[in-house]
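Asks:
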Amino acid sequence: MTELAPETRARVAARLRDQRIETASWAYGNSGTRFKVFPQEGVPRDPYEKLADAAEVHRHTGVAPTVALHIPWDLVEDYADLARHATGLGVRVGTINANVFQDNDYKLGSVTNPDPGVRRKAIAHLLECVEVMDRTGSRDLKLWFSDGTNYPGQDDVRTRQDRLAAALAETYDRLGPDQRMLLEYKLFEPAFYMTDVPDWGTAYAHCVALGERAQVVIDTGHHAPGTNIEFIVAVLLRAGKLGGFDFNSRFYADDDLMVGAADPFQLFRIMHEIVLADALSTRGIAFMLDQCHNIEPKIQAVIRSVLNVQEATAKALLVDHAALRAAQESGDVLGANEALMDAYNTDVRPLLRSVREDMGLDPDPIGAYKRSGYLEKVRAERVGGTQAGWGA
Numbered sequence: 097m098t099e100l101a102p103e104t105r106a107r108v109a110a111r112l113r114d115q116r117i118e119t120a121s122w123a124y125g126n127s128g129t130r131f132k133v134f135p136q137e138g139v140p141r142d143p144y145e146k147l148a149d150a151a152e153v154h155r156h157t158g159v160a161p162t163v164a165l166h167i168p169w170d171l172v173e174d175y176a177d178l179a180r181h182a183t184g185l186g187v188r189v190g191t192i193n194a195n196v197f198q199d200n201d202y203k204l205g206s207v208t209n210p211d212p213g214v215r216r217k218a219i220a221h222l223l224e225c226v227e228v229m230d231r232t233g234s235r236d237l238k239l240w241f242s243d244g245t246n247y248p249g250q251d252d253v254r255t256r257q258d259r260l261a262a263a264l265a266e267t268y269d270r271l272g273p274d275q276r277m278l279l280e281y282k283l284f285e286p287a288f289y290m291t292d293v294p295d296w297g298t299a300y301a302h303c304v305a306l307g308e309r310a311q312v313v314i315d316t317g318h319h320a321p322g323t324n325i326e327f328i329v330a331v332l333l334r335a336g337k338l339g340g341f342d343f344n345s346r347f348y349a350d351d352d353l354m355v356g357a358a359d360p361f362q363l364f365r366i367m368h369e370i371v372l373a374d375a376l377s378t379r380g381i382a383f384m385l386d387q388c389h390n391i392e393p394k395i396q397a398v399i400r401s402v403l404n405v406q407e408a409t410a411k412a413l414l415v416d417h418a419a420l421r422a423a424q425e426s427g428d429v430l431g432a433n434e435a436l437m438d439a440y441n442t443d444v445r446p447l448l449r450s451v452r453e454d455m456g457l458d459p460d461p462i463g464a465y466k467r468s469g470y471l472e473k474v475r476a477e478r479v480g481g482t483q484a485g486w487g488a
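Numbering (my numbering), first residue to last: 97 to 488.
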């Protein structure tokens with residue numbers, strides 16, 4: 097691709113300035129593998145300190161103003177106070193994530209458990225999360241269920257779907273008029289034989305039955321190897337049912353690596369479908385980083401992830417749609433592919449540096465963070481207490 101025309105540069109820059117990427121509170125805590133959690137100095141000890149780290153990311157990127165919370169990982173006595181604290185830091189509380197997978201009662205499932213008492217307990221937690229949304233002003237409730245079975249015949253598949261539908265309906269009915277339910281799916285893990293919400297089709301079917309404020313969320317790590325995720329994106333966009341993304345990368349399974357680390361071309365293809373549908377900011381899609389930074393510095397890794405999404409978005413915005421459409425309609429297979437690859441192979445880093453300067457930001461966010469002294473400051477301040485993390 098030749099030097100960008102001034103009107104193209106202005107158009108792309110405007111869209112990039114308007115982009116918003118949510119970070120997750122748990123990305124700032126300690127995490128690791130099934131075998132070991134690796135602590136780091138300066139890790140937050142409570143949700144208030146997690147918000148401070150998220151605010152540092154937003155301060156250097158300018159496009160990460162909201163922070164997703166996970167209940168009860170981010171349990172506090174006063175959620176309205178937590179929301180006020182976020183505002184004071186220059187960020188806001190974003191998506192509220194439920195947790196019905198870390199209690200002994202959920203060994204055989206949560207909302208699909210054969211025991212009605214366990215199902216009632218799980219639903220009560222989902223309703224509690226809606227109350228948290230009320231207090232924090234959050235728009236989205238995100239639901240992921242680890243429910244499933246390990247062996248054929250362990251439980252009745254259709255009955256479990258009925259239990260799931262009933263729990264979702266009760267929770268959906270509790271939502272306020274400006275609140276949404278985002279239903280996540282996952283191919284496998286931790287159940288070995290069957291997962292109750294294993295794919296986008298199952299999630300979509302439940303969301304259609306619930307209503308317009310129930311939408312599907314795509315975690316990029318939750319698919320079988322070789323899955324064409326951008327096809328799923330296109331289908332859900334066409335149906336008006338794509339509510340959000342959990343961005344991360346995977347090599348083998350649900351690896352939760354930095355977005356764009358394993359397959360940056362896949363991230364570009366996903367963003368291309370979003371740009372084609374004019375859904376970058378107009379359809380309320382929540383773009384969130386759902387990642388665990390086990391061995392890399394956490395804040396720096398989150399900043400790097402934001403930059404990766406920005407770079408993929410910038411390239412998607414540079415696709416010559418007129419040339420692409422003309423090639424497609426004439427059956428020019430190589431010409432159509434070239435239109436995509438021309439944009440993907442463009443070095444958009446100078447453009448992004450210019451956009452950041454226009455926003456009053458340092459053009460090098462990671463360098464600015466390293467020079468800020470923030471890590472040294474929190475290392476000195478966050479001594480004692482219990483660091484946030486998986487607890488393993």
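Built from N, CA and C at the ideal position, the CB exists for glycine as well.
#1: Please state whether DSSP places I462 in a helix, a strand or coil.
#2: I'd like to check one pair, A408 with G339: are the Cβ atoms closer than 9 Å?
#3: On the CB-based measure, 16 or more other CB atoms within 10 Å of its CB, does V313 come out buried or exposed?
#4: To the nearest whole angstrom, what separates the beta carbons of L222 and A194, a pair I think is in contact under 8 Å?
#5: Return the residue from the list Y348, P393, F327 and R400 that minimises the CA-CA distance to M367.
#6: Does the beta-carbon distance from V384 to D351 come in below 9 Å?
#7: Quick one: measure Cβ to Cβ for L333 and A287, integer angstroms, because I've assumed they're closer than 8 Å.
#8: May I ask you to list the residues that DSSP assigns as paired with I167?
#9: For the alpha helix (DSSP H) that contains N390, what are its first and last residues?
#10: Which complete beta strand (DSSP E) runs does the region 258 to 341 hold, if anything under 3 residues is left out?
#11: Of the choices R105, P140, G463 and N404, whose alpha-carbon is the least far from that of E477?
#12: Taking T232 as part of the alpha helix (DSSP H), name the residues at either end of that continuous run.
#13: Please list, in chain order, all residues of the same chain as N246 whose beta carbon is under 8 Å from its beta carbon, the five residues on each side excluded.
#14: Output the boundary residues of the beta strand (DSSP E) element that contains I192.
#15: Can you give me the start and stop residues for the alpha helix (DSSP H) that L436 sits inside?
#16: Per DSSP, what are the beta-bridge partners of D236 in this structure?
#17: Where T208 and L260 are concerned, what is the direct C-alpha to C-alpha distance, given to the nearest angstrom?
#18: Assuming L278 and D236 are in contact, meaning their beta carbons sit under 8 Å apart, how far apart are those beta carbons, in whole angstroms?
#19: Identify the continuous alpha helix (DSSP H) that holds A182 and give its terminal residues.
#20: Buried or exposed: where does P212 fall if 16 or more other Cβ atoms within 10 Å of its Cβ makes it buried?
#21: State the beta-bridge partners of M384 as determined by DSSP.
#22: Which same chain residues end up closer than 7 Å to A305 when comparing Cβ atoms and leaving out the 5 residues on each side of it in sequence?
#23: Going by Cα to Cα distance, which pick from A151, H156, I395 and I117 is closest to S377?
#24: Is the beta carbon of F284 less than 9 Å from the beta carbon of A349?
#25: Kindly indicate which residue of L185, G190 and I395 has the alpha-carbon position closest to the one of E137.
#26: With a threshold of 8 Å, are at least 3 pairs of Cβ atoms found where one atom belongs to the region 450 to 464 and the other to the region 104 to 113?
#27: Does the beta-carbon of E103 have 16 or more other beta-carbons within 10 angstroms, so that it is buried, or is it exposed?
#28: Which whole-angstrom value describes the C-beta separation of G190 and V163, a residue pair presumed to lie in contact below a C-beta threshold of 8 Å?
#29: Just mark S426 as buried or exposed, buried being the case when its beta carbon has 16 or more other beta carbons within 10 Å.
#30: With DSSP collapsed to three states, give me the class of T245.
Replies: So, from the data block:
#1: helix
#2: no
#3: buried
#4: 5 Å
#5: F327
#6: According to the sequence as given, residue 384 is Met; it is not Val. The answer is no: Cβ separation not under 9 Å.
#7: That belief does not hold up - the Cβ atoms of L333 and A287 are roughly 29 Å apart, past 8 Å.
#8: DSSP, once it has assigned bridges, lists no residue as partnering I167.
#9: Premise fails: N390 is in no alpha helix (DSSP H) and is neither H nor E.
#10: 276 to 280 and 310 to 315
#11: P140
#12: Going by DSSP, T232 is part of the alpha helix (DSSP H) stretching over P212 to T232.
#13: A287, F288 and Y289
#14: R188 to N193
#15: V429 to Y440
#16: R276
#17: C-alpha of T208 to C-alpha of L260: approximately 6 Å in a straight line.
#18: Yes, L278 and D236 are in contact; Cβ-Cβ is about 5 Å, under 8 Å.
#19: Y175 to L185
#20: exposed
#21: Answer is E118 and D342.
#22: A261
#23: I117
#24: yes
#25: I395
#26: The region 450 to 464 vs the region 104 to 113: in contact.
#27: exposed
#28: Sure, about 6 Å apart at Cβ, within 8 Å.
#29: exposed
#30: strand
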